[in-house]
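Structure record follows, encoded as structure tokens.
Numbering (the working numbering), first residue to last: 260 to 552.
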């Protein structure tokens, strides 16, 4: 499985029978694996991570179109984790450099059923079990994290999930970064201008199934009086029953925004020419919704 050299075909050339040789450093060994499903079809873009015995990451990445990955590393014992959307994860130990394990290892992942979708009807966002957070870069290297404390929302689940819709409204004055002086500045005309634009709103236009439990929720975000198209990268987490017997469902959604797209252009430059606050804003929503009769 592991060796000092590995030959590779030169695909797509007239010299396709000739091989190229990968030369490794004297202390390096080669880890070569293919990730397959139960009918031995390759799983592309599966995520893998190799760690040493004390949990430090050695190498990570995604499988190629043929489900393979190859990495050079020192001889020794490692842990390998492989995950792919719609499949049960793999975790195992391996010995890199073992002469008895030459060649390419095959890792078989079992398919798993995606979570059952919520039943059609009207659902409401539960603020007490949900959060809307954000993070922005500060002085070029630090991150400032915040959240909105007051919001409401409704989701209409259609017979076809793709035809569902969602509306979320956020109280702009409820912004909270843990520092009152900073929060007052964010509410001011320099940023949200909450006196003139007291709400932030998102209306979805369509739900798009990507794979497994992954969905894209596309819609319009209105912030600071400006509307822009935004797509939420969403993972559906499943549904169940609350403490009072009420049907519930949950998801996590993320998006990356550029505040300047919404005319939030205030900026202060530091002496070294570094922006005090970066233009990019990462948004994360952890949402539970409750079915309404």
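We put the beta carbon where it would ideally sit given N, CA and C, even for glycine.
At a threshold of 7 angstroms, does residue i count as lining the ligand NAD (C-beta to nearest heavy atom)?
{"i": "residue 501", "result": "Here there are no bound small molecules, and the ligand NAD is not part of this structure."}
Hey, could you find the ends of the beta strand (DSSP E) residue i is sitting in?
{"i": "residue 419", "result": "Looking at the DSSP string, residue 419 is not in any beta strand (DSSP E), and its letter there is neither H nor E."}
{"i": "residue 368", "result": "Note, residue 368: premise wrong, no beta strand (DSSP E); not H, not E."}
{"i": "residue 523", "result": "Here residue 523 belongs to no beta strand (DSSP E), and DSSP marks it neither H nor E."}
{"i": "residue 380", "result": "380-384"}
{"i": "residue 299", "result": "Element bounds for residue 299: n/a, residue is neither H nor E."}
In this structure, does DSSP put residue i in helix, strand or coil?
{"i": "residue 267", "result": "Because residue 267 sits at a pLDDT of 32, beneath the cut-off of 50, its placement in the model cannot be relied upon, and the point is left open."}
{"i": "residue 541", "result": "strand"}
{"i": "residue 470", "result": "strand"}
{"i": "residue 409", "result": "coil"}
{"i": "residue 363", "result": "coil"}
{"i": "residue 387", "result": "helix"}
{"i": "residue 432", "result": "helix"}
Spatial neighbours of residue i within its chain, please: C-beta separation below 6 angstroms, excluding the five flanking residues on both sides.
{"i": "residue 467", "result": "475"}
{"i": "residue 496", "result": "509 and 510"}
{"i": "residue 464", "result": "477 and 478"}
Tell me the rounded alpha-carbon separation between residue i and residue j.
{"i": "residue 434", "j": "residue 450", "result": "11 angstroms"}
{"i": "residue 499", "j": "residue 469", "result": "23 angstroms"}
{"i": "residue 539", "j": "residue 356", "result": "44 angstroms"}
{"i": "residue 314", "j": "residue 339", "result": "11 angstroms"}
{"i": "residue 529", "j": "residue 519", "result": "Because the pLDDT at residue 529 is just 42, under 50, the model does not fix this residue reliably, and the value given afterwards should be weighed accordingly. Going by the C-alpha atoms only, they are around 19 angstroms apart."}
{"i": "residue 325", "j": "residue 368", "result": "15 angstroms"}
{"i": "residue 321", "j": "residue 328", "result": "7 angstroms"}
{"i": "residue 482", "j": "residue 382", "result": "24 angstroms"}
{"i": "residue 394", "j": "residue 485", "result": "20 angstroms"}
{"i": "residue 550", "j": "residue 302", "result": "36 angstroms"}
{"i": "residue 416", "j": "residue 353", "result": "46 angstroms"}
{"i": "residue 387", "j": "residue 543", "result": "16 angstroms"}
{"i": "residue 366", "j": "residue 337", "result": "15 angstroms"}
Mind checking which residues open and close the alpha helix (DSSP H) that includes residue i?
{"i": "residue 446", "result": "439-446"}
Near residue i, what residues of its chain come up, given a Cβ to Cβ distance below 7 angstroms and the 5 sequence neighbours on each side ignored?
{"i": "residue 545", "result": "389, 390 and 511"}
{"i": "residue 517", "result": "538 and 539"}
{"i": "residue 515", "result": "539 and 541"}
Just confirm the distance between the C-beta atoms of residue i and residue j, as a whole number of angstroms; I'd bet it's less than 8 angstroms.
{"i": "residue 508", "j": "residue 377", "result": "4 angstroms"}
{"i": "residue 364", "j": "residue 333", "result": "So it is not a contact: roughly 18 angstroms between Cβ atoms."}
{"i": "residue 461", "j": "residue 414", "result": "Not quite, the Cβ-Cβ distance comes to about 11 angstroms (not below 8 angstroms), so this is no contact."}
Near residue i, what residues of its chain come up, given a Cβ to Cβ distance below 8 angstroms and the 5 sequence neighbours on each side ignored?
{"i": "residue 305", "result": "294, 321, 322, 326, 341, 342, 343, 346 and 368"}
{"i": "residue 418", "result": "379"}
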